[in-house]
DNA sequence: GTACAAGTTCAAGTTAGCTTGAAGTCAAGT
DNA sequence: ACTTGACTTCAAGCTAACTTGAACTTGTAC
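Listed below in structure tokens is the structure:
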């Protein structure tokens, strides 16, 4: 039962690719000591941190946002039950927003099909404001669905 | 009242940037005649086609999928009420799937917070199968949420 | 001592859906 | 004639979150 884990072991246990772990390491989401050889050595607590990252991603947070959340924890500490609960309401709130938005979309869709208008000017579905609001290049992430920045 | 519209006019009426319209044109989503000058000229029906594209994007279809749908219409025809209705069930179905998935996510989140486990091996939230299933590079679109390829 | 797996860094590639810029053409107004 | 604005093509850039490849070093097993 080793105290410190290699990147390969962490990868296996977490299901996250080693390349991704190096990437997280570079971005400061996780941190490692180095063995004399220069190889990364991770404490077990890193697994909870990784779990946190994975879950947060599923909720829809970007890595930057996740990094910000992790920065609010005592340095290098893995999130515990308390932190979990502090975040839970924010996260479920976020999911709820997404659900609500999809339901609104669903509603307008059925409406539009009912009336058969398919008019860009009138139909709520086209939602030109949202589209106009997204400036610059890049894929249109969730196409006008992002709540705040 | 001109019969044919310039790309700028189409852009204004649809709210879609001219650069995007050229992009759609190149991808075959819309098609144009050319004036003697080489400038694009669009029939009015293009507005309905564009509406179709915009709506389909909001539902979550990729441009490739949208192109496939449009290919099933008589060539160069704008989608009418019938086409609309034929597609409506597919689309609302798709939205429903997404909603269901978010609700599942919400459920596991509350569960996980209740038990405080935050274990990558046991917790339903981490969902290693989904993650393992996404191969290759590129951003993890909707992080493991995509139903079929 | 010689494989071979597993680790390292760093740069470049991948995806989608556009945008931006460069360099030039065309049309209308003064 | 000259400017202004709208249009053209084509190549390159942007974003996020990684992956892939090259070139090299370390650690373990036989």
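Chains as they are written, first to last, in this note's numbering: chain G, 32 to 180; chain E, 32 to 180.
All residues carry an ideal CB built from backbone N, CA and C; glycine is no exception.
Note that this is a predicted model, so its numbers are computed, not measured.
>> For a contact defined as C-beta to C-beta under 9 Å, what are the partners of residue 37(G) on chain E?
In response: Within the first chain, residue 37(G) is the residue found at index 6, counting from 1. Neighbours of residue 37(G) on chain E: none; closest Cβ ~17 Å, over 9 Å.
>> Taking the alpha helix (DSSP H) that residue 58(E) belongs to, which residues open and close that run?
In response: The sequence position of residue 58(E) within the second chain is 27, counting from 1. Element bounds for residue 58(E): 49-58.
> Which residues, taken in chain order from the segment 124-138 of chain G, show a beta carbon closer than 8 Å to some beta carbon of chain E?
Replying inline: Taking 8 Å as the Cβ-Cβ cut-off against chain E, the residues of the segment 124-138 of chain G that qualify are 126, 127, 129, 130, 133, 134, 136, 137.
>> Here's the rule: buried if 16 or more other CB atoms are within 10 angstroms of the residue's CB, otherwise exposed. What is residue 103(E)?
In response: Working through the second chain from its first residue, we reach residue 103(E) at position 72. A residue is called buried when at least 16 other Cβ atoms come within 10 angstroms of its Cβ; residue 103(E) does not meet this threshold and is exposed.
>> Since residue 97(G) and residue 45(G) should fall inside the 8 Å C-beta cutoff, what is the C-beta to C-beta distance between them, to a whole number of angstroms?
In response: Within the first chain, numbered from 1, the residue matching residue 97(G) stands at position 66. Within the first chain, numbered from 1, the residue matching residue 45(G) stands at position 14. Cβ-Cβ separation between residue 97(G) and residue 45(G): approximately 15 Å, too far for a contact (criterion under 8 Å).
> What's the C-alpha gap between residue 50(G) and residue 137(E)?
Replying inline: Taking the first residue of the first chain as position 1, residue 50(G) is located at position 19. Taking the first residue of the second chain as position 1, residue 137(E) is located at position 106. Rounded to the nearest angstrom, the two C-alpha atoms are 29 Å apart.
>> Short of 9 Å Cβ to Cβ, which residues in the segment 75-105 of chain E face chain G?
In response: Flagged, chain order: 78, 79, 81, 82, 83, 85, 86, 88, 89, 90, 91.
>> Can you confirm whether the segment 78-93 of chain E touches the segment 55-62 of chain E when touching is taken to mean that 3 or more C-beta pairs between the two stretches lie within less than 8 Å?
In response: The answer is yes - the segment 78-93 of chain E touches the segment 55-62 of chain E, with three or more Cβ pairs under 8 Å.
>> Quick check on residue 87(E): buried or exposed, where buried means 16 or more other Cβ atoms within 10 Å of its Cβ?
In response: Residue mapping note: residue 87(E) aligns to position 56 of the second chain, counting from 1. Buried, because 16 or more other Cβ atoms sit within 10 Å of the Cβ of residue 87(E).
> Going by alpha carbons, who is nearest to residue 121(G) out of 95(G), 91(G), 74(G), 76(G)?
Replying inline: Indexing the first chain from 1 puts residue 121(G) at position 90. Of the listed residues, the one whose Cα sits closest to residue 121(G) is 91(G).
> Pick from 140(G), 39(G), 118(G), 38(G): whose alpha carbon is nearest that of residue 127(E)?
Replying inline: Taking the second chain and counting its residues from 1, the one referred to as residue 127(E) is at position 96. Among 140(G), 39(G), 118(G), 38(G), the Cα nearest to that of residue 127(E) is on 140(G).
> By how many angstroms is the C-alpha of residue 119(G) removed from the C-alpha of residue 89(G)?
Replying inline: Mapped onto the first chain, residue 89(G) falls at position 58. Mapped onto the first chain, residue 119(G) falls at position 88. Rounded to the nearest angstrom, the two C-alpha atoms are 13 Å apart.
>> Quick check on the burial criterion: 16 or more other C-beta atoms within 10 angstroms. Buried or exposed for residue 100(E)?
In response: Against the second chain, residue 100(E) aligns to sequence position 69. Taking all protein chains shown into account, residue 100(E) has 16 or more neighbouring C-beta atoms within 10 Å of its C-beta and is therefore buried.
> Can you tell me whether DSSP reads residue 100(E) as helix, strand or coil?
Replying inline: As a working note, residue 100(E) is residue 69 in the second chain. The answer is helix: DSSP assigns residue 100(E) an H, G or I state.
> So what does DSSP say about residue 175(E), is it helix, strand or coil?
Replying inline: The residue you call residue 175(E) lines up with position 144 of the second chain. With a pLDDT of 45 at residue 175(E), under the threshold of 50, the modelled position of this residue cannot be trusted, and the question is left open.
> Are residue 71(G) and residue 38(G) touching if we call contact CB-CB under 8 Å?
Replying inline: As a first step, residue 71(G) must be located in the first chain, where it is residue number 40. As a first step, residue 38(G) must be located in the first chain, where it is residue number 7. Yes, the Cβ-Cβ distance between residue 71(G) and residue 38(G) is below 8 Å.
> At what residues does the beta strand (DSSP E) containing residue 71(G) begin and finish?
Replying inline: Counted from its first residue, the first chain places residue 71(G) at position 40. From DSSP, the beta strand (DSSP E) with residue 71(G) extends over 71-74.
>> Please report the straight-line C-alpha distance between residue 34(G) and residue 41(G), rounded to a whole angstrom.
In response: By 1-based counting over the first chain, the position of residue 34(G) is 3. By 1-based counting over the first chain, the position of residue 41(G) is 10. About 12 Å.
> Mapping DSSP to helix, strand and coil, what is residue 94(G)?
Replying inline: What you label residue 94(G) is simply residue 63 of the first chain in a count that begins at 1. Helix at residue 94(G).
> Is residue 64(G) helix, strand or coil when you go by DSSP?
Replying inline: On the first chain, position 33 is the one that residue 64(G) refers to. Reduced to three states, the DSSP call for residue 64(G) is strand.
>> Starting from residue 39(E), trace the alpha helix (DSSP H) in both directions and tell me its first and last residue.
In response: Residue numbering aside, residue 39(E) sits at position 8 when the second chain is read from its first letter. Bounds of the alpha helix (DSSP H) holding residue 39(E) are 38-45.
>> Spatial neighbours of residue 60(G) within its chain, please: C-beta separation below 8 Å, excluding the five flanking residues on both sides.
In response: Residue 60(G) sits at position 29 when you count from the first residue of the first chain. Hits under 8 Å: 80, 84, 94, 97, 98, 101.
>> Can you list, in chain order, the residues of its chain with a C-beta nearer than 8 Å to that of residue 48(G)? Leave out the 5 residues immediately preceding and following it.
In response: As a first step, residue 48(G) is located in the first chain; it is residue number 17 there, counting from the start. Taken in chain order, the residues that qualify are 42.
>> Distance check for residue 111(G) and residue 63(G), CA to CA, integer angstroms please.
In response: Taking the first residue of the first chain as position 1, residue 63(G) is located at position 32. Taking the first residue of the first chain as position 1, residue 111(G) is located at position 80. Cα-Cα distance, rounded: 19 Å.
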